[in-house]
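Chains as they are written, first to last, in the working numbering: chain A, 1 to 201; chain B, 202 to 402; chain C, 403 to 603; chain D, 604 to 804.
All residues carry an ideal CB built from backbone N, CA and C; glycine is no exception.
Keep in mind the model is a prediction, meaning the values are calculated, not measured.
Take a look at the structure below.
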DNA sequence: TATGAATGAGGGTTCATTCAT
DNA sequence: AATGAATGAACCCTCATTCAT
């Protein structure tokens with residue numbers, strides 16, 4: 001239609017990626033729109049063709065981050081393994097990715113901080129956590145039904161899994177040289193799942 | 202001796218308190234030195250007699266926060282109760298304080314984010330977590346020795362306790378209306394400690 | 403001949419009308435080329451095919467406005483009524499239009515302001531006022547000759563008529579709720595023309 | 604009180620004067636805060652200690668301008684001369700000042716334009732004109748009472764005086780080389796006042 | 001003729017920091 | 001010790017203008 005191919009579709013992810021990088025490196029506030037622009041290879045002004053605001057850009061980065069999120073949890077279930085093994089698999093995968101996500105963790109904490117002051121941000125994070133809590137919870141319940149787990153509070157365990165993961169991330173962030181964190185995370189969850197498993201521990 | 206009492210000693214905590222308030226309310230970056238000055242009732246210029254920098258002020262606030270920290274853990278041990286009960290007591294106390302600390306959590310996450318970019322901040326947080334991890338670890342070990350707990354990895358359990366606490370805080374921060382978080386936190390630790398306890402569960 | 407009808411001829415008035423609207427609404431400086439483009443239903447780039455500059459567009463709007471001007475004064479004379487009645491007729495017509503021109507008055511004052519800094523604009527306005535001053539002046543003179551008016555300074559009276567109209571517009575602009583301004587304007591001119599009329603007042 | 608003398612009181616008029624100059628020279632929008640700052644000999648930032656906004660500065664300039672206004676009209680009355688002579692005296696004075704005020708006229712028209720879009724500005728100008736209209740009106744009435752003038756519509760005449768003055772200013776602004784405008788203005792008012800005077804015309 | 005994308009200079013505004021008093 | 005005034009670097013954002021298609 002237009003004389004020039006519509007590059008909007010590709011520009012936005014480009015910008016988001018660049019922004020994520022720059023934000024992680026310099027911090028949400030220290031990073032300037034000029035920094036982001038330079039990283040994408042666009043001019044400052046062009047950024048504003050795609051995002052009305054720095055705030056809008058930040059928010060989009062948040063949403064893009066959450067869309068990746070904890071990864072494909074539903075897919076995990078579509079196997080014939082036990083719930084416990086499936087969960088541990090997922091956790092293992094998350095743990096393995098820890099290395100790579102470390103760079104972006106800094107932004108995540110800025111988002112958490114932001115959640116304290118911006119309702120929209122809080123809502124976003126809230127929905128995200130609730131979604132995974134529910135997914136995990138239903139898996140635990142399935143495990144209870146099929147006799148893998150005892151009659152535990154599924155929601156509590158689900159929350160615990162998320163909490164442990166988030167908590168380990170915090171601790172790891174202050175001790176990045178220690179490379180055993182992924183393992184620690186997995187072992188904690190093993191401990192947890194073992195403790196609620198019925199017989200074969 | 203001095204005609205006027207040296208007010209320096211009292212000024213600094215005054216400023217730190219004010220700064221903590223203002224930082225929590227507006228965010229580390231949105232809060233200006235003017236905001237802090239106004240909160241203490243001093244002029245902007247005077248602030249710089251006590252802190253060379255905004256950075257210095259921020260760092261001092263971080264240290265002051267950490268000095269309060271998780272509370273008196275050593276004191277807990279000086280009882281004749283079981284390790285498990287002592288630990289749960291401590292956790293209970295922490296959980297109870299959650300309500301009050303919520304306001305400041307926003308700064309905490311900004312500090313975490315800062316840790317990704319400022320070595321000094323990371324070091325500070327690191328020392329803090331290590332200190333508590335060691336304290337908890339030695340308690341767990343004492344529990345193993347006296348037969349309360351099985352032969353678990355004490356360091357892992359200690360880390361788990363901290364991780365769970367930190368993780369719950371994260372989740373709670375995005376769902377502040379739900380008031381059951383303190384309870385959730387305690388129950389998780391009960392689950393954890395139960396699972397490593399030998400007989401009497 | 404050309405496969406497509408040459409739309410240039412119609413485009414320019416379209417653009418000028420749109421620009422006038424937008425300029426009136428937002429102000430000469432607040433109105434952007436994008437605003438104008440959107441109002442015409444063209445793209446920003448296309449605007450520049452018709453006007454080299456924003457300045458050029460503004461200037462064209464000025465000229466277009468002046469072309470409408472105070473309306474057909476010459477036509478007024480082509481009757482057999484007295485000069486005085488003809489003039490009052492014309493003033494009456496102008497006064498009646500006040501309502502409608504009110505919207506555009508805002509631009510007019512911006513043009514006046516511009517005249518203080520742009521020679522071309524001043525020249526334009528100058529020629530405009532001179533033209534009407536001369537027309538009015540010659541009418542007054544005709545009135546003197548045919549005995550309607552006394553031996554007044556025709557140029558002065560002509561200027562007075564214009565001044566009164568311009569002045570009333572200024573006052574009305576700050577008091578738009580009062581609806582008596584057109585009447586006021588007419589009465590002032592009646593007063594003026596009465597005072598220079600010979601007998602039949 | 605303060606270690607440094609409080610210069611606020613002198614700064615504000617300094618800034619207003621500078622702003623008036625710069626605004627007149629470059630136009631309300633083309634003039635930058637930096638321009639104004641440089642004119643006062645202050646830094647850009649300092650300007651914001653005294654005016655929250657450019658808008659606030661503009662508005663203050665408007666008010667300062669109006670405070671000077673048409674000059675001391677009340678004072679005129681405190682003589683034993685006739686109303687007519689007093690009024691002509693005042694007009695003469697205004698006319699004489701035309702030369703000096705010419706420079707600032709450009710801003711005045713921008714203010715008029717602004718009045719079309721900013722209620723506060725309109726209000727300001729409105730109050731100003733009303734004030735002088737009332738003053739003039741009461742003078743005319745006094746003239747009617749003491750037999751100087753016929754039973755004319757005092758308000759109409761008052762408005763006419765202002766309108767003529769404003770109108771002449773407009774015309775003069777587009778023909779600044781002609782130096783007879785002050786005279787023209789006076790003669791118009793003479794014509795007007797003569798026409799409403801009773802005997803001794 | 002038409003346009004969507006891109007640009008970059010420039011303006012308003014903020015704020016950490018300094019300093020004379 | 002205390003401060004109010006001043007600074008200036010830096011940031012966000014706008015918008016007239018260009019250009020490849």
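In the DSSP assignment, the alpha helix (DSSP H) including residue 506/C goes from what residue to what residue? 485 to 517
How many whole angstroms separate the CB atoms of residue 109/A and residue 238/B, which I take to be in contact at a CB cut-off of 8 angstroms? That pair is no contact at about 27 angstroms.
Relative to the C-alpha of residue 561/C, which residue among 575/C, 430/C, 542/C, 547/C is closest? 542/C
Using the Cβ count rule (16 or more neighbours within 10 Å means buried), how would you classify residue 266/B? buried
I'd like to confirm the pairing. Which residues does DSSP put opposite residue 599/C in its beta bridges? 551/C
Run through chain C and tell me which residues come within less than 7 angstroms of residue 704/D, C-beta to C-beta. Simply none; closest approach about 12 angstroms.
Beta-carbon proximity of residue 230/B to residue 29/A, cut-off 9 angstroms: yes
Where do the N-terminal and C-terminal ends of the alpha helix (DSSP H) with residue 250/B fall, by residue? 245 to 251
Among 132/A, 49/A, 123/A, 34/A, nearest to residue 62/A - alpha-carbon criterion: 123/A
Does the beta carbon of residue 570/C sit closer than 9 angstroms to a beta carbon anywhere in chain D? yes
If you follow the alpha helix (DSSP H) that residue 28/A is part of, which residue opens it and which one closes it? Segment: none, residue 28/A is in no alpha helix (DSSP H) and carries neither H nor E.
Under 9 angstroms between beta-carbons, which chain B residues line up against residue 164/A? List them in chain order, please. 361, 364, 365, 368, 389
Expressed to the nearest angstrom, what Euclidean distance is found between the alpha-carbon atoms of residue 686/D and residue 599/C? 25 angstroms
Which residues in the same chain as residue 334/B place their Cβ atom closer than 8 angstroms to its Cβ, once the five residues preceding and following it in sequence are excluded? 356, 359, 360, 363
Could you please give the first and the last residue of the uninterrupted alpha helix (DSSP H) stretch that includes residue 162/A? 154 to 174
My guess is that residue 787/D and residue 771/D are in contact by the Cβ rule of under 8 angstroms, so how many angstroms apart are they, rounded? 6 angstroms
Below-9 angstroms beta-carbon distance, residue 597/C vs any chain D residue: yes
8 angstroms contact criterion, which residue 452/C and residue 414/C should meet: CB distance rounded: 6 angstroms
8 angstroms contact criterion, which residue 416/C and residue 442/C should meet: CB distance rounded: 5 angstroms
Assess, as a yes-or-no matter, whether the region 620 to 639 of chain D is touched by the region 495 to 506 of chain C under the definition of 3 or more beta carbon pairs within less than 8 angstroms. no
Please list the terminal residues of the continuous alpha helix (DSSP H) segment that includes residue 469/C. 456 to 470
At a CB-CB cut-off below 7 angstroms, which residues of chain B make contact with residue 147/A? Within 7 angstroms Cβ-Cβ: nothing; residue 147/A doesn't reach chain B, min ~19 angstroms.
Listed from N- to C-terminal order along the chain, which residues in the region 111 to 126 of chain A have their beta-carbon within a distance smaller than 7 angstroms of any beta-carbon of chain B? 112, 113, 115, 116, 117, 122, 125, 126
How should residue 674/D be labelled, buried or exposed, when 16 other C-beta atoms within 10 angstroms of its C-beta is the threshold for buried? exposed
Give every residue of the same chain whose Cβ lies closer than 6 angstroms to the Cβ of residue 128/A, excluding the five residues on either side of it in the sequence, and list them in chain order. 66
Contact under 9 angstroms by Cβ, residue 446/C with residue 436/C: yes
Nearest-angstrom Cα separation, counted from residue 232/B out to residue 280/B: 44 angstroms
With a Cβ-Cβ cutoff of 9 angstroms, do residue 86/A and residue 393/B count as a contact? no
Neighbourhood of residue 551/C by C-beta, 7 angstroms cutoff - its chain only, sequence neighbours within 5 removed: 542, 545, 598, 599, 600
Excluding the 5 residues preceding and the 5 following residue 56/A in the sequence, name in chain order all residues of the same chain whose CB lies nearer than 8 angstroms to its CB. none
Taking any Cβ of chain C, which residues in the region 773 to 788 of chain D have a Cβ under 7 angstroms from it, in chain order? 773, 774, 776, 777, 778, 787
With 9 angstroms as the threshold, decide whether the Cβ of residue 260/B is near any Cβ in chain A. no
If the criterion is Cβ atoms closer than 9 angstroms, does the pair residue 733/D and residue 581/C meet it? no
Compute the distance between the beta-carbons of residue 496/C and residue 567/C, then report whether it is under 9 angstroms. yes
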